[in-house]
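Student:
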Amino acid sequence: MKNVPLVFALSMAASLSACASADSGAVNSGSGSTASARAALLAADGSSRGDATVTEMADGLHVAVRATGVSPGVHAVHVHMTGTCTPPDFNSAGGHWNPTGRQHGRDNPAGMHMGDMPNMTAAADGTGTMEYVIPGGTLRSGAHPLLDADGAAVVIHAQADDNKSDPAGNAGGRIACGILSAG
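In short: position in the sequence shown from 1, add 144, done, that's our numbering.
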């Protein structure tokens, strides 16, 4: 009879341990987060223009951009295919990330690039935010990872993207650029 409480206690502990493992596994797999990358967005003179975060989730890459010190109004924001940001024009970042060989813009019947994202509106104080999910995108795995051998960058443009003109939506010059690095 003395062994019954001990056996009961051991089986309860094993059950609770199994539940804890299952619960913590569900929390981890429920978040879907596998990796992330960050970029400090800089102007041509090296001053801060905000930051960008890209997080890989089950449904694709979640991009969050926070801009500061940009002119009020609407600005295109794109993921570019090369992880270099050489001032003054940031052309070193290359074109939009386009591993599937599409045309530019969500309104283009032959589009869109994976790096095409919605426009961001900056307030009178020069701040703006933009969040977007790149469906099916991955950071380091799969057929077309964003962070390949030459990396990637996030770029803010001077003007709005018209969402159809190839190759860049008539978005104007590149006013801020940030190199994405895994974090």
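Backbone N, C-alpha and C define an ideal beta-carbon position, used for all residues, glycine too.
(1) Can you tell me the Cβ-Cβ gap for Asn242 and Met258, rounded? I've got them flagged as a contact below 8 Å.
(2) Kindly identify the DSSP beta-bridge partner or partners of Ile323.
(3) Measuring alpha carbon to alpha carbon, tell me which of Glu275, Met274 and Pro289 ends up nearest Gly281.
(4) How long is the line joining the alpha carbons of Ser180 and Asp269, rounded to whole angstroms?
(5) If you draw a straight line from the alpha carbon of Ala296 to that of Gly327, how long is it in whole angstroms?
(6) Suppose contacts are defined by Cβ-Cβ distances below 9 Å. Is Ala302 in contact with His219 by that definition?
(7) Distance, Cα to Cα, Ala254 vs Thr265?
(8) Check Ser309 in the structure and name its three-state DSSP category.
(9) Let me confirm a value: Gly194 is counted as buried when at least 16 other C-beta atoms fall within 10 Å, else exposed. Which label applies?
(10) Name the two residues that bound the continuous beta strand (DSSP E) containing Asp195.
(11) Alpha carbon to alpha carbon, how far is Ser215 from Gly204? Give it in angstroms, no decimals.
(12) Contact between the stretch 183 to 192 and the stretch 206 to 213: three or more CB pairs below 8 Å?
(13) Report all residues from its chain with a CB closer than 6 Å to the CB of Gly317; omit the five preceding and five following residues, and keep chain order.
(14) Residue range of the beta strand (DSSP E) that Pro279 falls in?
(15) Go to Arg246, then tell me how far its beta strand (DSSP E) extends in each direction, as first and last residue.
(16) With C-beta atoms as the reference, is Val209 less than 9 Å away from Ile323?
(17) Please list, in chain order, all residues of the same chain as Asn307 whose beta carbon is under 7 Å from its beta carbon, the five residues on each side excluded.
(18) Alpha carbon to alpha carbon, what distance is there between Pro232 and Gly245?
(19) Measuring only the C-alpha atoms, how far is Ile319 from Ser325?
Tutor: Concretely, from the data shown:
(1) 6 Å
(2) Ala297
(3) Pro289
(4) 29 Å
(5) 14 Å
(6) yes
(7) 26 Å
(8) coil
(9) buried
(10) Counted as a single uninterrupted DSSP element, the beta strand (DSSP E) harbouring Asp195 occupies residues Ser192 to Met201.
(11) One C-alpha to the other measures close to 30 Å.
(12) yes
(13) Ala302
(14) Gly272 to Pro279
(15) For Arg246, no beta strand (DSSP E) encloses it, and the DSSP letter there is neither H nor E.
(16) no
(17) Same-chain partners within the cutoff: Gly249, Arg250, Asp251 and Gly313.
(18) 28 Å
(19) So the two alpha carbons sit approximately 20 Å from each other.
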